[in-house]
Structure formats: structure tokens, C-alpha cells
Amino acid sequence: MVAVVIGVDLGGTVVRAGAIDQDANLLAVSQAPIEAYLGAQAGLARIIAVIEKALGEHADWHLLGIGFGATGPVDRRLGAIQNPFTLPGWENVPVVAPLREHFGVPVRLENDADVAALGEYWAGAGKGVRRLYAITLGTGIGTALICDGQIYRGLDGSHPDGGHQIIDPMGPVCYCGAKGCWESLAAGPAIARQAREVLLDFPSSRVLDLAQGDPNRIDAHMVAQAAREGDALGLAVMEKASWYFSLGLVNIITLFVPEMIVLSGGVMRSASLFMPAIETAVNDHNIMVPASQVRILPAQLGDQAGMIGAAYTIYQNG
Ligand SMILES: [Zn+2]
Numbered sequence: 116m117v118a119v120v121i122g123v124d125l126g127g128t129v130v131r132a133g134a135i136d137q138d139a140n141l142l143a144v145s146q147a148p149i150e151a152y153l154g155a156q157a158g159l160a161r162i163i164a165v166i167e168k169a170l171g172e173h174a175d176w177h178l179l180g181i182g183f184g185a186t187g188p189v190d191r192r193l194g195a196i197q198n199p200f201t202l203p204g205w206e207n208v209p210v211v212a213p214l215r216e217h218f219g220v221p222v223r224l225e226n227d228a229d230v231a232a233l234g235e236y237w238a239g240a241g242k243g244v245r246r247l248y249a250i251t252l253g254t255g256i257g258t259a260l261i262c263d264g265q266i267y268r269g270l271d272g273s274h275p276d277g278g279h280q281i282i283d284p285m286g287p288v289c290y291c292g293a294k295g296c297w298e299s300l301a302a303g304p305a306i307a308r309q310a311r312e313v314l315l316d317f318p319s320s321r322v323l324d325l326a327q328g329d330p331n332r333i334d335a336h337m338v339a340q341a342a343r344e345g346d347a348l349g350l351a352v353m354e355k356a357s358w359y360f361s362l363g364l365v366n367i368i369t370l371f372v373p374e375m376i377v378l379s380g381g382v383m384r385s386a387s388l389f390m391p392a393i394e395t396a397v398n399d400h401n402i403m404v405p406a407s408q409v410r411i412l413p414a415q416l417g418d419q420a421g422m423i424g425a426a427y428t429i430y431q432n433g
């Protein structure tokens, strides 16, 4: 018999499930769009279908449990997802009980940033690192702290949310209600918004070509691509976003002084545009802590980190 754990990664657009063995090998994977607007019941049915597809027909597989990482906030005590922000209509949606009933195995629910960080700790860039901080920079900014292989938790098991630390109190209003949150200044949608705001100053920008002349189509990847091609607007916006990103990173180093920070997410595909600003910011700040010893590295597991880390919660806790 081969013992396997299903690791589920539920994001705002896609749900993935992977069958993972005790050595962190991904034996099978399945995914589907989540289409949150169809409602939580339809979503749950889709999650079950994706898990069943990943399990396939393996007579020699023994399912030990299901680890579930969901775009937060999640309520671990109720085993429910509370996220109407990125999953419209998903407010107090139980997932642990229905999956436990359907599959007859233990189910653990965690925040997606936490499980992605655990994945990097178990099998990725942060293998065995005692104090590992993980940052996912994409449509938002997810953060997680792993201490001695355990997810750091706030009171009542809550998930600290570094993406909503305030970087500029005069900044744009975030969906959380605060002004100038880290993710409202440095994540993908913020990069696109900042490019749109300065379009008139750069009438011949390559960014507008990439968006086929429609400012509403501009996304962070277009801005990053234009920057790599030397476009002035792209470079200006990426420089600003990198600076904002670096400020948040410096705060995290000052607060936690982790051995390692791993960086992942869609925007990090443009890491070469961010790293010089990060290095400068870290060198210019943090005289009170040994910041130069903090290793800042790209994550290794890509979009598999969430599934692998979710599975690890079962291997780790039984
Ligand atoms: Zn916020």
C-alpha cells in the first residue's frame, strides 16, 4: 500500500488537488476553475470532484487525510471559509465537515499562505530553516511565518496578515478599509493601477501597445514586460512598486529577523526587477538588527507549494 495525503489549494480563481506521498512527491494532480460566483455549494461539489480526480483509481493507495489551504480568512475552529473578498458569496462556508463525511478521513483547514510556507519548509527553498518567513506577491500579498516547522498563529488561531500592514497612511483605500496597505501599493492590481494613473505622462509607452490600446486591459505582467524592454513608464512604475514592496519587507525583517525570507507568486516572475530595490532597502535600513544575514530567496515549489504544504499538515499532525 502507498500512503497518500491529498493537499488542496483553493485560490480565488482555481482549485488544485494533489496526491502527495510521505516524501513530498506529487503523485497526481488535478485542477479546475472555482468560479466562486456560482455559489459555495457548487464550489464544494467542484472541490470534491477535483480531489476524486487526483485520487484516481489506485487500489494500492491508502488515503491518510486531506490538508486544505484556502485563500483566507479561514475559521479553523469551525472548519469554515470566511472569504467574501476573493470568493464572493463564501461567507461562513464549512469545508472540513463535508469533506470528512464524504471521504471518511481527517481534514485540516489552514490559510493558503501558511500552507505554501509550510511546503517550502518541508520540501522547498526553506527546508529545515528554523524561522522562515514566506511572502507571496500576486493579486494580493500573502505572508506566513514558520517557526521550528510550526505555523505561527495569533490569538484564537488567527492568521497574521502582513499584506495589510500600512505602508503609506495617505495611500489608496484598500478593500479591508485601511489606507495604503502593503498589497494596495505593491501587488499586481496596484502595479496596473499605477500604470494607468501615469499614462498621460508617457503617451508613447509600450505598456499601452501591450494592452492593445485599452488602458483597462493593463495588468502587472504588461508593465513588467515593458520595463524589461526599457520602457520609461514600465520602469518608473516597477521602480515605485519595488520601493513599496521593499518597505514592507524591511518592516518584516525589523519585526522578525527570520533566517530566511522566500518570495513567490505571479509578480515574482519579474523578480529581477524587484531584487535591486530590495537589496538597497535592506542595506539602507535595519541597523538595529542583523539584516544582512537574512537570506532572501525565490521560493522553489511554484504553484505546487500550497498543495505540498497542505499535505504536510496531515503528515505532521496525523
Ligand atoms: Zn488592506
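Numbering (the numbering used here), first residue to last: 116 to 433. We put the beta carbon where it would ideally sit given N, CA and C, even for glycine. What you are looking at is a predicted structure, and each value in this text was computed from that prediction instead of being measured.
Any heavy atom of ligand 1 inside 7 Å of the beta-carbon of residue i?
i: A293; result: yes
i: A361; result: Here residue 361 turns out to be Ser, not Ala, going by the sequence shown. It does not: the Cβ of S361 is nowhere closer than 7 Å to a heavy atom of ligand 1.
i: S299; result: yes
i: H279; result: yes
i: C262; result: no
Per DSSP, residue i is paired with what?
i: V129; result: P148
i: R246; result: C262
i: R223; result: G182
i: V189; result: I196
i: K294; result: V288
i: M375; result: L247 and R410
Please list, in chain order, all residues of the same chain as residue i whose beta carbon is under 8 Å from its beta carbon, the five residues on each side excluded.
i: F371; result: R246, Y248 and L260
i: L159; result: V208, V210 and P213
i: V129; result: Q146, A147, P148 and I149
I need the straight-line Cα distance from residue i to residue j, nearest angstrom please.
i: R311; j: D190; result: 37 Å
i: P330; j: G345; result: 19 Å
i: G272; j: Y359; result: 29 Å
i: T428; j: H274; result: 16 Å
i: E172; j: L416; result: 26 Å
i: V432; j: I306; result: Sequence inspection shows Asn at residue 432; the Val mentioned does not correspond to that position. So the two alpha carbons sit approximately 39 Å from each other.
i: A341; j: E354; result: 12 Å
i: A169; j: A143; result: 5 Å
i: A134; j: V120; result: 6 Å
i: V230; j: A420; result: 7 Å
i: I367; j: I250; result: 10 Å
i: L323; j: D334; result: 10 Å
i: M383; j: L193; result: 33 Å
i: L153; j: R161; result: 11 Å
Quick check on the burial criterion: 16 or more other C-beta atoms within 10 angstroms. Buried or exposed for residue i?
i: D124; result: buried
i: S357; result: buried
i: L315; result: exposed
i: S407; result: exposed
i: R332; result: exposed
i: T395; result: exposed
i: E225; result: buried
i: I402; result: exposed
i: H177; result: exposed
i: G292; result: exposed
Just to confirm my understanding: we take residue i, look at its own chain, exclude 5 residues before and 5 after, and list those with CB closer than 7 Å. What are they?
i: T186; result: L125, G126, G127, N198, T201, L202 and D227
i: Q137; result: A118 and Y430
i: H217; result: I163
i: A155; result: G204, W205 and V208
i: V288; result: K294
i: L325; result: M337, Q340 and A341
i: D283; result: G295 and L300
Go through its chain and collect everything with a Cβ distance to residue i's Cβ below 6 Å, but skip five positions before and after it.
i: P221; result: G180
i: I411; result: I376
i: A426; result: V120, G122, I135 and G182
i: G269; result: P275
i: M286; result: Met is not the amino acid found at residue 286; the sequence shown has Gly there. K294, G295 and L300, listed in sequence order.
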